[in-house]
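Trainee: Numbering (the numbering used here), first residue to last: 4 to 451.
1. Please state whether the Cβ-Cβ distance between residue 337 and residue 362 is less than 8 Å.
2. Label residue 27 either buried or exposed according to how many other C-beta atoms from any shown protein chain fall within 10 Å of its C-beta, with 16 as the threshold for buried.
3. Going straight from the alpha carbon of residue 1 to that of residue 215, what length do you get?
4. If you drop the 5 nearest sequence neighbours on each side, which residues of the same chain put their C-beta closer than 7 Å to that of residue 55?
5. Measuring alpha carbon to alpha carbon, tell me which of 259, 134, 435 and 385 ends up nearest residue 121.
6. Under the assumption that residue 72 contacts residue 158 (Cβ atoms under 8 Å), give the Cβ distance between them as a whole number of angstroms.
7. Answer yes if the region 191-199 comes into contact with the region 108-118, meaning at least three C-beta pairs across the two stretches below 8 Å, and no otherwise.
8. Give the C-beta separation of residue 265 and residue 249 to the nearest angstrom, bearing in mind that I take them to be a contact with Cβ-Cβ under 8 Å.
9. Under the assumption that residue 100 contacts residue 142 (Cβ atoms under 8 Å), give the Cβ distance between them as a whole number of angstroms.
10. Can you grab the Cα-Cα spacing for the pair residue 163 / residue 263, in whole Å?
11. Considering only their Cβ atoms, is the gap separating residue 140 from residue 454 smaller than 8 Å?
12. Any beta-carbon of chain B closer than 8 Å to the one on residue 405?
13. If residue 426 sits next to residue 149, beta carbons under 8 Å apart, how far is it from one beta carbon to the other, in whole angstroms?
14. Identify which residue in 296, 261, 291 and 96 has its Cα closest to the Cα of residue 355.
15. Does DSSP put residue 119 in a helix, a strand or coil?
16. Taking C-beta to C-beta, are residue 3 and residue 87 nearer than 8 Å?
17. Measuring CB to CB, does residue 251 end up less than 8 Å from residue 237?
18. Measuring only from the beta carbon, is residue 368 closer than 7 Å to any heavy atom that is part of the ligand ATP?
19. Quick one: residues in its chain with C-beta nearer than 8 Å to the C-beta of residue 270, no 5 flanking neighbours on either side, listed in chain order?
20. Can you find the residues in the same chain that come closer than 8 Å, C-beta to C-beta, to residue 353, ignoring five residues on each side of it along the sequence?
21. How many angstroms separate the CA atom of residue 123 from the CA atom of residue 267?
22. For residue 53, does the three-state DSSP call read helix, strand or coil?
23. In its own chain, which residues sit with a C-beta less than 6 Å from the C-beta of residue 446, not counting the 5 before and 5 after it?
24. Can you tell me whether DSSP reads residue 33 as helix, strand or coil?
25. Is residue 310 helix, strand or coil by DSSP?
26. For residue 63, which residues from the same chain have a beta carbon less than 6 Å from its beta carbon, with the 5 sequence-adjacent residues on both sides left out?
27. Take residue 92 as the anchor and find which of 415, 155, 449 and 259 has the nearest alpha-carbon.
28. Since residue 348 and residue 373 should fall inside the 8 Å C-beta cutoff, what is the C-beta to C-beta distance between them, to a whole number of angstroms?
29. Beta carbon of residue 289, beta carbon of residue 359: below 8 Å?
30. Roughly how many whole angstroms lie between the Cα atoms of residue 440 and residue 273?
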């Protein structure tokens with residue numbers, strides 16, 4: 004993604020949500036009607052029982068865990084968040100997370116018994132596990148030709164990190180990948196503390212320098228969104244009592260130079276519980292003025308950032324996960340927020356410095372535990388589910404209607420990492436447990 008496309012995409016995001024925000028007060032009413040099929044697209048059952056899609060759309064499995072990559076290693080398992088970029092050859096470059104823990108050998112890039120670990124420069128592994136149990140998360144990079152539908156190249160691009168869940172694209176053509184782990188170094192098999200964000204350049208070949216951005220904090224990271232002008236980074240925390248953070252860099256050209264980590268609070272509502280688990284504490288479409296409070300000891304040896312922040316007055320959220328940057332707006336999903344634990348979506352308006360509850364599901368047949376989210380070039384919001392029932396992709400149109408787009412028929416796996424190519428012609432998504440990355444194409448202009 005070049006800077007021009009980044010700005011274009013965020014502008015389209017904003018236009019879509021301006022329209023959507025006018026309709027979310029009727030979310031509950033629309034959810035009930037949509038649950039019985041009114042206004043839904045015709046979803047065509049896949050004869051292969053893999054992925055049901057609307058009429059006219061088709062999918063292609065472009066990558067599968069266990070297959071050999073261009074660098075001689077193997078596609079790791081459990082693919083999760085992804086970022087999409089455009090290289091100089093006009094090809095789409097995907098940087099893809101892998102939510103693997105140490106010891107998950109069946110998902111390893113280094114073979115079933117890590118027998119190919121010696122083929123990698125060990126100095127480029129963040130945590131080699133003291134030579135016993137290397138961390139098996141990290142990222143892979145996929146270069147994909149949309150014209151031919153073929154993978155040109157595929158290789159490991161970050162190694163030795165743990166449970167890389169989601170992240171976010173940057174204006175400087177890189178992917179900020181986040182560890183959803185707070186494992187600490189020990190004397191047995193863990194060399195370094197985990198719980199950090201790493202910067203993976205989109206166009207570099209081979210392994211990136213595994214240098215954590217310590218100023219962004221050490222906690223159970225999920226996703227980030229980067230303001231293209233200020234380079235302030237907004238962050239979610241995947242905990243049932245997590246916070247929303249932002250990192251204000253000292254040097255906007257180099258996040259490693261440090262900065263100030265802050266937590267989101269609501270003015271006049273100290274330690275607000277936004278989860279709506281025990282009564283309605285937050286209402287739909289009611290902007291609340293935000294205060295950003297600095298927090299110290301950000302490497303948090305005791306993993307207590309969220310406790311210290313909440314005690315200080317920060318707002319509490321129910322498993323902050325997917326996050327997307329719009330034009331002066333940040334949207335994020337809280338997977339099990341709401342009175343029925345079916346999920347919430349919040350909007351933070353950067354210019355007005357306000358937060359509002361954008362959507363809250365009360366019908367799991369419509370939206371059940373939202374996770375990763377992204378915005379199409381036409382402004383529609385695409386939302387992935389992560390639940391123990393039936394996992395789907397939904398989209399929310401400009402009238403605020405929730406409609407099904409895809410249904411995973413192949414497994415009970417979550418759908419993760421949904422992201423559009425820079426051209427807007429392809430939606431990429433991972434079926435995590437399967438270990439598959441899928442490219443979806445079709446008549447996007449027909450979605451209403």
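Cβ coordinates follow ideal geometry from the N, Cα and C atoms, glycine included.
Mentor: Walking through what the data contain:
1. no
2. Residue placement at residue 27 is poorly supported in this model, since its pLDDT is 36, which falls under 50; the coordinates still yield a value, given next. The residue is buried, with at least 16 neighbouring Cβ atoms inside 10 Å.
3. It is not possible to answer for residue 1, since the shown part of the chain is limited to 4 through 451.
4. 46, 47, 48, 49, 409, 410 and 412
5. 134
6. 5 Å
7. no
8. 5 Å
9. 6 Å
10. 27 Å
11. The structure shown has nothing for residue 454, since the chain only spans 4 to 451.
12. Looking for chain B here will not work: only one protein chain is present.
13. 6 Å
14. 291
15. coil
16. Lying before the first or after the last residue shown, residue 3 is absent from the chain, which here runs from 4 to 451.
17. no
18. Among the components of this structure there are no ligands whatsoever, and the ligand ATP is therefore not found.
19. 291, 292, 293 and 294
20. 230, 331, 332 and 333
21. 41 Å
22. coil
23. 59
24. Caution is warranted here: a pLDDT of 37 is assigned to residue 33, below 50, making its placement in the model unreliable, and no coordinate value can be reported.
25. helix
26. 152 and 442
27. 155
28. 6 Å
29. yes
30. 43 Å
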